[in-house]
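Read the structure below first, then the notes.
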Amino acid sequence: MTAQGNGAFAEFEKMCNPVMDSQRVIAGDKWRIGVITNSLLRFEWSESGVFEDKPTQVVVNRNIDDDVTINVTERDGLLIIDTGELYVTYNKQPFSKEGLSVVVKHLTTSQFNTWHYGDDAPGNLRGTRRTLDTINGRADLEEGILSIDGWSILDDSRSNVVSYEGASPKAAFGEDNINAGGWRIASRDHEETDFYFLGYAHNYKQAMRDFFKLTGPQPLLPRWSLGNWWSRYFAYKQDEYLQLHDRFKKEGIPFTTAVIDMDWHITDIEEKYGYGWTGYTWNTELFPDHVQLLSDLADRGLKTTLNVHPRDGVRGYEKPYKELAQKVGIDPATDEAVEFDPTNPAFVDGYFDMHHELEDEGVDFWWLDWQQGGVTRQPGLDPLWLLNHVHYIDSARNGKWPLTFSRYAGPGSHRYPVGFSGDSIVSWESLQFQPEFTARASNIGFGWWSHDIGGHMMGYRDDELEVRWYQYGAFSPINRLHSSNSPFTSKEPWNFRPEVRSAMVEALQLRHRFIPYLYTMNYRAHNEGEPLVQPMYWSDPENEAAYRVPQEFWFGTQLVMAPITTPSDKNVARAKADVWLPAGEWFDFFSGRHYVAGSNGRSLEAWRKLNRQPVFARSGAIVPLAQLGEGEAINSVANPQALEVVLFPATDGATNEFTLVEDNGQFNDARQGKNARTRFTWNGSALTISAVEGDAEAVPAQRTWTLTVRGVDDLGEAALSGARVVAYNYDAEDMSASYVLEAVATDTDVHVEIAGVKPAENPVAEDTRKMLLGTQIAYNMKDAVYQVALSGDIAELAAIGAKRFDYEYGLHGNSQEHSVGLRIPSAIESAVKEIMLRS
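To convert, count from 1 in the sequence shown and add 15; that's the numbering used here.
In structure tokens, the structure reads:
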């Protein structure tokens, strides 16, 4: 067999442009400085005078198509380079703190905007790390590209180099790493210092866009990967596993991806072969007909991945052992293990043949569970990076959409999605760190993390924790439920009490409905260098408050999410998240409640009951959602025939646009730009859904549009003109007016006017009453707080918060006074304050 990956090869070749433009290079005998952009410089020192012009594991393109300014002068023995953004002084000697410095010129908010060679990076906003295995709570993160001091360093000195001439990954290695076929990874043939200085000040988005140009873009993910993934470390039996997914369908719970952990292969092996962690032979006792299993899962609308731990190679009991042993020169009769050695071309050849045979039976992609360090026989070559790189390219064989599922292996790993963050502990501490961990990963371009949603192992049972984790998962890059093989940790919603179960199902259904929005953001990430999840300071870098909410993040272009990661307060019977809203007007995505943030933004505590989480839509937001299929169609990720478009009042009168991007599901077509684009334009009174542009055949010929305007009073059916309304509904609880339009052709424009759209007055008194119903406090406290809400006097809220309350009770028919002098709990005061100050 020959490994194939033509689509991914072409993508890799397309991004490679490694030789710097000589007009942008200032050089001496042993040093070289490349001006890649006015804010991005490459510094090299080589004692041999030989410099690296090949792509590396990290950097593939050193020619960014930006105009540059290069003013070079010499004074007092110093070379001075001024790009307009950066001011470099260099003594033309081996790099030293005294001899090389760069000033980020247009940054006045940091006293550390001058960098000297070797400086630490105290202002670095951090990136990500290889894994969260064994971590319960916070963990140290590696450096990212962004810094409050305006500069960062990307050191590429130790990277292997990549030669690419169109061969397969199986041809990547040969004698002395030379292969006439053309594609290889090799240690550098000379030593040099080779690093990049990124000095973008606080222009964070531009810094990341140029980082992606330097290292390659985030690839497009297949549409199905953005739905819900079911995963559990458990010895399922074949019928049992299918019955589980049938029950999910029956319960109306959509899944798109079936993850089968290590028990798919034989794990109970003879002692002489070692440990059963690694395997490539199906366990026929659990899966008597695995080919039929994979076919049955595909019929249910599921893609399947299998877990593999490659460390121990292939041993004598394995089905593919004989053939692979012969390929690497081992006599199969000896029963000698075939060592995992990715620097051996014969092993790599057989390794991929082994995987291809399993793929031909129906495996869609691989979970590469490498945990055993970063050493191979080739200096500087991390086996994890190699597995990610080679598997990703190979996964595109036969025209398939490439995908891997593995751990992070350093800068540049964003080219090989999806990331697996490791075995999480079941605890509030784990949940509390995951949102920040995910958002900060975007600072190194790693935008597609997949976490063990709900927690994998150890820890404790806490139903509220599970709900909040599910809710966060629905707004994560990849939503993969996971748990251990304990009989008590499985995450099926029906294992939880009714209100918990209901909230879990709502979260999973919402995630599936979000696929059209997520897929559009997938294209944005690939084409524009903007990950789905972004820290708040990316958009507001000069606002100090944006840095104080590390758990909060932008979720695409229209929404901000602040996940709840702490238990409910027992007094208020709700849980809170600390929120900062950027300047402007906002709406609760679910309830439509209106929030106003001043020019410096607005900080608040957002209190939510069990089935809600704090998600905010900006004024004029447009959010397309799929309508859930029914029965056998529940798992469908096809471009939907019925879509709901959730709209929010445009309080400033500005026009917002959102372009929905879809395709035909073919990787090569999508990569080459053959997609369907439907543009929505909304100004708070008029909505235009433009005729589909591009590949019109990729979308249904007709669509039924449901237009939901949230955060408004009852508009009435007659408020909409320009299209025939076949159904109208007003949900007073969520202040949502919904219009179902008659199905229309997708190749025609739809233009409607909706009269009377303006933010509804927040129902302060009623929201306070409903909140107080469930609070666990004295009734006279409730009465006092409610009277404040009725009055609208926010100053009085603080006054009664300082007051002590006594209460009376009767005991066995005898009147007895009992003065306790309690104050209203601070959580009650905070929750009511949010309600009263929403707008």
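Note that CB positions come from ideal geometry on N, CA and C, so glycine has one too.
Distances from the alpha-carbon of E207 to those of A733, T581, V176 put V176 closest.
When the Cα atoms are used, R330 and I281 turn out to be separated by approximately 12 Å. Straight across, the Cα-Cα distance linking E354 with A340 is about 10 Å. Shortest Cα-Cα distance from R47 to any of A810, G64, S54 involves G64.
The residues K112, in chain order, have a CB closer than 7 Å to that of G133 in the same chain once the five nearest residues on each side in sequence are set aside. G388 and D397 have their alpha carbons spaced roughly 8 Å apart. In this structure H131 is exposed. Its beta-carbon is surrounded by fewer than 16 other beta-carbon atoms within 10 angstroms. In this structure, DSSP gives I809 a helical state, which the three-state scheme calls helix. The continuous stretches of beta strand (DSSP E) do not include L236, and DSSP gives it neither H nor E. When DSSP states are grouped into helix, strand and coil, V363 belongs to the helix group.
In the assembly as shown, A733 is an exposed residue. Its beta-carbon has fewer than 16 other beta-carbons within 10 Å. The Cβ atoms of T666 and S634 lie closer than 8 Å to each other. A contact between stretches requires three or more CB pairs, one per stretch, nearer than 8 Å, and the stretch 778-798 meets this requirement with the stretch 846-853.
Here the alpha carbon of N683 sits roughly 37 Å from the alpha carbon of A738. Cβ atoms of T391 and V587 stay farther apart than 8 Å, at about 55 Å. Inter-residue distance for V630 and M473 is about 30 Å (C-alpha atoms, whole angstroms). DSSP places M536 in the uninterrupted alpha helix (DSSP H) bounded by 530-543.
Across the set L596, F695, P33, W297, the C-alpha of F695 shows the shortest separation from the C-alpha of H766. Scanning the stretch 272-300 from its first residue to its last, the whole beta strand (DSSP E) runs of 3-plus residues come out as 272-275. One thing to note: R173 has its Cβ no nearer than 8 Å to the Cβ of G427.
The three-state secondary structure of V73, taken from DSSP, is coil. Contact check between the stretch 438-453 and the stretch 584-603: fewer than three CB pairs, one atom from each, fall below 8 Å, which does not count as touching.
When secondary structure is reduced to three states using DSSP, D82 falls in the coil class, being assigned neither helix nor strand.
For R262, the uninterrupted alpha helix (DSSP H) segment begins and ends at 253-265. Of all C-beta pairs linking the stretch 558-574 to the stretch 249-266, fewer than three are shorter than 8 Å, placing the two stretches out of contact. Relative to the Cα of E28, the nearest Cα in the group R39, D36, K69 belongs to K69. Two segments are said to touch when three or more pairs of C-beta atoms, one from each, lie closer than 8 Å; by this definition the stretch 647-657 touches the stretch 712-725. Contact check for M223 against G699 fails: the beta carbons are separated by 8 Å or more. When the beta-carbon positions are compared, L383 and F529 stay at least 8 Å from each other. Here P347 carries a helix assignment [DSSP, helix/strand/coil]. Taking V34 as the centre and dropping the five residues before and after it, the same chain places the C-beta of D68, R77, N78 closer than 8 Å to its C-beta, in chain order. Here W509 is exposed, its C-beta having fewer than 16 other C-beta atoms within 10 Å. Non-local C-beta neighbours of P774 in its own chain, meaning closer than 8 Å and more than five positions away in sequence, comprise E600, F602, H609, P664, T666, G726, V727, S854, ordered along the chain. Spatial neighbours of A706 in its own chain (CB-CB distance under 6 Å, excluding positions within 5 residues in sequence) are listed in chain order as D762, T763, D764.
Nearest to E255 by C-alpha distance, out of P303, R39, G291, R686, is P303. Residue burial is scored here from C-beta neighbours: P232 has at least 16 other C-beta atoms within 10 angstroms and is therefore classed as buried.
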